[in-house]
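Residues in the sequence shown are numbered from 739 upward in steps of one, following this note's numbering. No residue lacks a Cβ here, since even glycine has one placed at the ideal position from N, Cα and C. Contents: one structure, followed by commentary.
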Amino acid sequence: MQRRYNLTHFILTGVVFLVLMPLMIAVDAQARIAFMSDRDWHWEIYVMDTDGSNPRNLTNNPGEDRNPSWSPDGKRIVFTSRREGHFIGLHGITSEIYVMNADGGNEHRLTENRKNDRQPSWSPDGKRIAFHSDRKGDLENTEIYVMDADGGNEQRLTENRVDDGIPSWSPDSKRIAFYSIRDGNAEIYVMDADGRNPQNLTNNPHGDANPAWLNSPFSVSPAGKKFTMWGRLKQVDR
């Protein structure tokens with residue numbers, strides 16, 4: 739179960755870009771934006787042009803669909819859905835991870851278990867998808883997992899008694915940033931893509947969450963690379 743914190747965002751200085759993660763939107767190589775909306779009275783995945791025109795519902799089913807993330811080539815979208823989830827009492831219906839073509843066609847499920855799989859993030863090399871899940875059995879404890887883009891070879895990367903979640907890939911697909919409360923409050927960590935060498939980047943008494951790498955699928959589309967450059971990691975309080 740996700741908790742609410744006084745969030746702090748992290749961006750790279752010396753760049754001009756928009757951090758889209760808190761809005762649950764993503765931009766693809768053809769300059770379209772995918773986002774989630776409840777304008778039809780339940781959450782669905784939409785796409786629109788970057789000027790806000792031509793919004794289109796891609797999912798259109800009674801189950802909630804959330805958290806879209808583009809494949810690096812802009813041809814597919816991974817997302818979470820409750821359409822075939824399991825009812826688990828007071829906690830409602832569980833979420834699974836699905837993928838579909840960029841036009842909404844060829845939907846199919848990548849995960850199948852009686853727990854919540856959420857926040858999918860496609861690696862920039864297109865080979866893997868990171869996500870967090872409470873499948874260890876504790877609804878208050880999410881861990882970070884990776885799987886192949888076709889749903890195979892699932893692997894758990896973290897193992898703690900507290901939440902690790904919201905994974906975000908580095909541009910070279912070699913590291914994953916995430917938030918964790920393993921030190922008593924929400925902090926931003928980074929680890930190798932195989933789960934090794936976790937490091938606390940923030941280490942302060944306030945809540946930090948929702949990391950977004952420069953050039954990640956949640957920040958800048960590949961078509962916008964000419965506007966980006968590297969810089970230092972800077973804390974920007976909200």
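Candidates G790, D910, D778: which alpha carbon is nearest I771's? G790
Count the other CB atoms within 10 Å of the CB of E822; is the residue buried (16 or more) or exposed (fewer)? exposed
Within this structure, are the beta carbons of T940 and D946 separated by less than 8 Å? yes
Taking C-beta to C-beta, are I919 and N948 nearer than 8 Å? no
How far does the beta strand (DSSP E) with W808 in it extend, from its first residue to its last? 803-808
The beta strand (DSSP E) spanning H870 covers which residue range? 866-871
Could you give the distance in angstroms between the alpha-carbon of R856 and the alpha-carbon of A868? 9 Å
Just list the beta strand (DSSP E) runs in the region 904-936, keeping only unbroken ones of 3 residues or longer that don't cross its boundaries, in chain order. 913-918, 925-930
Give me the residue from Y927, N935, L952, A950 with the minimum Cα distance to N942. Y927
Taking all protein chains shown into account, decide if N805 is buried (16 or more other Cβ within 10 angstroms of its Cβ) or exposed. buried
Assuming H870 and D841 make a contact with CB atoms under 8 Å, what is their CB distance in whole Å? No, H870 and D841 are not in contact; Cβ-Cβ is about 28 Å, not under 8 Å.
With respect to the beta strand (DSSP E) encompassing N839, which residues constitute its N-terminal and C-terminal limits? 834-839
With a threshold of 6 Å on Cβ separation, who are the neighbours of G801 within its own chain once the five nearest residues in sequence on each side are excluded? S819, R820, R821
Only counting the same chain, and skipping five residues up and downstream in sequence, which positions put a Cβ closer than 7 Å to that of D872? K853, N854, N879, T880
Proximity of S833 and W907 at Cβ, strictly below 8 Å: no
Using alpha carbons as the reference points, say which of I783, I882, E850, Q893 lies closest to Y917. I882
Distance check for K865 and N935, CA to CA, integer angstroms please. 21 Å
If you draw a straight line from the C-alpha of D910 to the C-alpha of D776, how long is it? 34 Å
Do you know how far the Cα of M786 is from the Cα of R683? Since the displayed the chain opens at 739 and closes at 976, residue 683 lies outside it and no answer follows.
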